[in-house]
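Undergrad: Chains A and B, in that order, are what the protein sequence lines are. Counting along the first sequence from 1, when you hit position 148 you're at 140 in my numbering, and nothing is skipped either side. For any residue, its number in my numbering is found by taking its place in the second sequence, counting from 1, and adding 353. Even for Gly, the Cβ is constructed at its ideal location relative to N, Cα and C.
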Amino acid sequence: MTSVSITHWEVIAPGALTTVQDRGREGWRHLGVARAGALDLDAAMLANELLGNSPDAAVLALSLQGPTLRLPQAAMIAITGAMVVATSNGIALPGHRPIAVPAGELKLTGIRAGIRAWLAVAGGFDAPSLMGSRSTDLRGGFGGMEGRALRVGDRLPVVASTIAEIATPRIAAWWIGNDDPAFDDHRPIRFVASASVHAKALAKRPWQVSPNSNRQGIRLQGEALAGAGPGRVSEPVAIGSIQLPPDGQPIVLLADAQTMGGYDLLGHVIAADLPRLAQAGPGATLAFAPVDIDEARRIGLRHRQQQARTALAIRQRLAMPS
Amino acid sequence: MTPAFEALADDALLLRFGNAIEQIHNTRALAVARRLRERQPPWLRDVVPAYASLAVFFDCDSIDDADPHALVAAVLRNCLDAGTEADEAHARTVDIPVCYDHSMAPDLAEAADELGLGIEELIHRHCAADYTVAMIGFAPGFPYLLGLPESLTLPRLATPRTRVPAGSVAIGGNQTGIYPRESPGGWRLLGRTPLALFDPARTAPSLLAPGDRVRFQRIGLAAFERMASS
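1) Short of 7 Å in beta carbon distance, which residues of its chain neighbour L407 of chain B, apart from the five on each side in sequence? Order them along the chain.
2) Please list, in chain order, the chain B residues whose beta carbon lies closer than 7 Å to that of A36 of chain A.
3) Considering only C-alpha positions, which residue in the set A:F134, A:H0 and A:N206 is nearest to M123 of chain A?
4) Is C413 of chain B close to chain A? Criterion is C-beta to C-beta, closer than 9 Å.
5) Compare the C-alpha of L194 of chain A against each of A:L257, A:T154, A:G58 and A:S202 and name the closest.
6) Among A:P180, A:R62 and A:L61, which one has its Cα closest to the Cα of W280 of chain A?
7) Here's the rule I'm using: 16 or more other beta-carbon atoms within 10 Å means buried, otherwise exposed. How should P173 of chain A be labelled?
8) Would you give the residue range spanned by the alpha helix (DSSP H) that R301 of chain A belongs to?
9) Among A:I163, A:S(-3), A:G221 and A:M252, which residue has its Cα nearest to the Cα of A78 of chain A?
10) Could you pull the start and end residues of the alpha helix (DSSP H) that A557 of chain B belongs to?
11) According to a CB-to-CB cut-off of less than 8 Å, which residues of the region 394 to 412 of chain B neighbour chain A?
12) Assign D172 of chain A to one of three DSSP states: helix, strand, or coil.
13) Could you check if G136 of chain A is buried or exposed, using at least 16 other CB atoms within 10 Å of its CB as the buried criterion?
14) Going straight from the alpha carbon of T529 of chain B to that of I489 of chain B, what length do you get?
15) Excluding five sequence neighbours on each side, which residues of the same chain lie with their C-beta closer than 6 Å to the C-beta of L475 of chain B?
16) Run down chain A in chain order and give the residues with a C-beta less than 9 Å from the C-beta of H443 of chain B.
17) When you compare each of A:L236, A:D48, A:L85 and A:P64 to M255 of chain A by their alpha carbons, which one comes out closest?
18) Pick out whichever of B:N372, B:L574, B:P395 and B:I531 has its Cα sitting closest to the Cα of C452 of chain B.
19) Quick check: what's the CA-CA separation for R211 of chain A versus D239 of chain A?
20) Identify which residue in B:G539, B:W540, B:T556 and B:G494 has its Cα closest to the Cα of G24 of chain A.
21) Do the region 152 to 166 of chain A and the region 548 to 555 of chain B touch if we need at least three Cβ pairs shorter than 8 Å?
22) Starting from E391 of chain B and walking both ways along the alpha helix (DSSP H), at which residues does that stretch end?
23) If you draw a straight line from the alpha carbon of P6 of chain A to that of I107 of chain A, how long is it in whole angstroms?
24) Can you give, in chain order, each stretch of the alpha helix (DSSP H) that sits fully within the region 240 to 285 of chain A and has at least 4 residues?
25) Would you give the residue range spanned by the beta strand (DSSP E) that P537 of chain B belongs to?
26) Pick out whichever of A:A28, A:D14, A:D34 and A:R17 has its Cα sitting closest to the Cα of A300 of chain A.
27) When the Cα atoms are used, what is the spatial distance from G102 of chain A to R388 of chain B?
28) State whether the region 108 to 116 of chain A contacts the region 60 to 70 of chain A, with contact taken as three or more CB pairs (one from each stretch) at a distance under 8 Å.
29) Using C-beta distances below 6 Å, list every residue in its chain close to E359 of chain B, excluding the 5 sequence neighbours before and after it, in chain order.
30) Measure from the C-beta of G209 of chain A to each C-beta in chain B and report whether the shortest distance is under 9 Å.
31) Interface residues of chain B around A263 of chain A at Cβ under 9 Å?
32) Can a CB atom of chain A be found closer than 9 Å to the CB of G371 of chain B?
33) Residues in the same chain with beta-carbon distance under 7 Å from V3 of chain A, minus the five sequence neighbours each way, listed in chain order, please.
34) For L501 of chain B, name the three-state secondary structure that DSSP assigns.
35) Report the neighbours of I231 of chain A on chain B: residues whose CB is nearer than 8 Å to its CB, in chain order.
36) Under 8 Å Cβ to Cβ from A357 of chain B, same chain only, skipping five residues before and after it: list those, please.
Right under this line is the structure:
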């Protein structure tokens, strides 16, 4: 017998940048509102699937260093994305599977083989739904926890399906990862080149991820690309747009980016490779490879089919006796 | 320049009319955006008009076509063919109260000086013009307005301010805009509105939408305080 109530998890340590995110706000770019949401929607939604959550449920997005949280009662959780050193009252927790954790300290520290991970709880994190989403819009300063990253002392509301109290974690024996991407995947990031004559030059040299990168965009560092013009009249941009500012150091836009941009565009990263961009930390080396739009479409379709198959497999496994 | 299509993302298409801030391009972008919304295609996620272009965001899984970009382009061509005149009949006009008191207009005196106008004359011309919301960007609810009289064109500040108060009404080049939220900015601040331009909790989160007509109405300090606190 389960019953739904709101509980509060206390934030003991906030981590480097921990935010409440869901699939984000679609349909508001014409009002200047970014999508926000998880940078790797596939991984964040996988965490929800593992718990039988609605795809609209909000998760915590972790980067570089996760938070330490105090749980007032037992809860079902799942961690996806990069590898996280996670413990429940000192007992190590693996990723990519449902886990029942007891009341007490849930500690998520170093993140490896990538820089971002997602923590879901059965029922989801609670936050006001603004413009159809609970996501934190850091630039706009709204959504999630008061429009900002978690802080020490925050009481994080959780729509908890109460489960029986337990002494130690109960870890599912099965697990399911993202087949694509593997986070140590060093294949080039695929992009569709724009009509700009300089677009293909992006693929000719490796780029390093600048420490100035954030949820708005990945700033690339390398031998400057020639041919950056003075820019153009501001026009719409998208998640994955590759901008070329006058300094010749490209920027790839992510979920929190402005909706309009005035820099020259080199093209866009295909949707299937955005999850890997979310895992590219400062100093990481990225290579880019052009694909044509038809190829991008085929890859996108395969990618979405793969996601649907994974979700189906999880639902079937959850329906089996444990 | 004939309208040019470009794939903006796997799920987005850009239609470009030109590369200049000109009323004619914006009118076309707004008209096509309006016509596309009227058709309510099931795959439409968002249509984002800009100064001289518009972007259409679509749901790939809702388009039953091998080439969604081509299908969306065909629909947009259809919208173009239906006519791109401004929609005077349905355009909404929004009056925006602006307080030009010196306490809220740090650049007003200097701007008047540089333009060779008196302060009163500058305010009068700023209020007398009819503006169109060409696009919204920079920040949630930030309107880029077309229609600034040529006599009020001024270069931006050499050094942008790190802190522009919310509600600031500003001019930069031949554009005028309003800052919904405290932010950095390089435009000249002529006054401030007590209205909240953006509130994600409202049914209509943004006070303004692309295509709206805007008029500035001068208010005094007392009216500003009253409206700001209500």
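TA: Straight from the coordinates:
1) Only residues of its own chain outside the window of five on either side were considered, and among them L368, A382, V385, A386, V400 and V401 have a CB closer than 7 Å to the CB of L407 of chain B, listed in chain order.
2) The contacting residues do not exist; A36 of chain A stays about 18 Å from chain B at best.
3) Proximity to M123 of chain A across A:F134, A:H0 and A:N206 peaks at A:F134, based on C-alpha coordinates.
4) Interface residue, yes.
5) Of the residues A:L257, A:T154, A:G58 and A:S202, the one whose Cα lies closest to the Cα of L194 of chain A is A:L257.
6) In the sequence as presented, Trp is not what sits at residue 280 of chain A; that position holds Phe. Closest option to F280 of chain A, Cα to Cα, is A:P180.
7) Residue placement at P173 of chain A is flagged as unreliable, the pLDDT there being 49, under the threshold of 50; the coordinate-derived value follows with that caveat. Taking all protein chains shown into account, P173 of chain A has 16 or more neighbouring C-beta atoms within 10 Å of its C-beta and is therefore buried.
8) Unbroken alpha helix (DSSP H) run through R301 of chain A: I285 to A311.
9) A:I163 is the residue among A:I163, A:S(-3), A:G221 and A:M252 whose C-alpha sits nearest the C-alpha of A78 of chain A.
10) Neither: A557 of chain B is in no alpha helix (DSSP H) and is coded neither H nor E.
11) So the list reads R398, D399, V400, V401, P402, A403, Y404, A405, S406, L407, A408 and F410, given in the order they occur along the chain.
12) Reliability fails at D172 of chain A, whose pLDDT of 46 lies under 50, so the model's placement of it is uncertain and the value that follows must be treated cautiously. Assigned with DSSP and collapsed to three states, D172 of chain A falls in coil, not helix or strand.
13) G136 of chain A comes out buried.
14) One C-alpha to the other measures close to 12 Å.
15) Annotation for L475 of chain B: A465 place their beta carbon closer than 6 Å to its own, counting only its chain and skipping 5 residues before and after.
16) For a Cβ distance threshold of 9 Å, nothing in chain A lies close to H443 of chain B: the least Cβ distance comes to about 17 Å.
17) Per the sequence shown, residue 255 of chain A should be read as Tyr rather than Met. Across the set A:L236, A:D48, A:L85 and A:P64, the C-alpha of A:L236 shows the shortest separation from the C-alpha of Y255 of chain A.
18) Of the candidates B:N372, B:L574, B:P395 and B:I531, the residue whose Cα lies closest to the Cα of C452 of chain B is B:L574.
19) Whole-angstrom Cα-Cα distance: 12 Å.
20) For G24 of chain A, the nearest C-alpha among the options comes from B:G494.
21) Not touching, per the Cβ criterion.
22) Note, E391 of chain B: alpha helix (DSSP H), Q376 to R392.
23) For the pair P6 of chain A and I107 of chain A, the Cα-to-Cα distance works out to about 16 Å.
24) Correct list: 266 to 270.
25) Per DSSP, P537 of chain B belongs to the beta strand (DSSP E) from S536 to G538.
26) Checked all of A:A28, A:D14, A:D34 and A:R17; the closest Cα to A300 of chain A is A:D34.
27) When only Cα atoms are considered, G102 of chain A and R388 of chain B end up about 51 Å apart.
28) Put simply, the region 108 to 116 of chain A touches the region 60 to 70 of chain A. At least three CB pairs are less than 8 Å apart.
29) The beta carbon of E359 of chain B sits closer than 6 Å to the beta carbons of L367 from its chain, once the five residues preceding and following it are set aside; these are given in chain order.
30) No - not a single Cβ of chain B is within 9 Å of the one on G209 of chain A.
31) Ordered by position in chain B, the residues that pass the 9 Å Cβ test against A263 of chain A are A362, D363, D364 and C413.
32) Closer than 9 Å to some Cβ of chain A, the Cβ of G371 of chain B qualifies, so yes.
33) P59, L61, L142, R143, V144, G145, D146 and L148.
34) Reduced to three states, the DSSP call for L501 of chain B is coil.
35) At a beta-carbon threshold of 8 Å, the residues of chain B lying near I231 of chain A are A362, ordered along the chain.
36) Once the five neighbours on either side are set aside, the close Cβ partners of A357 of chain B are L368 and R369.
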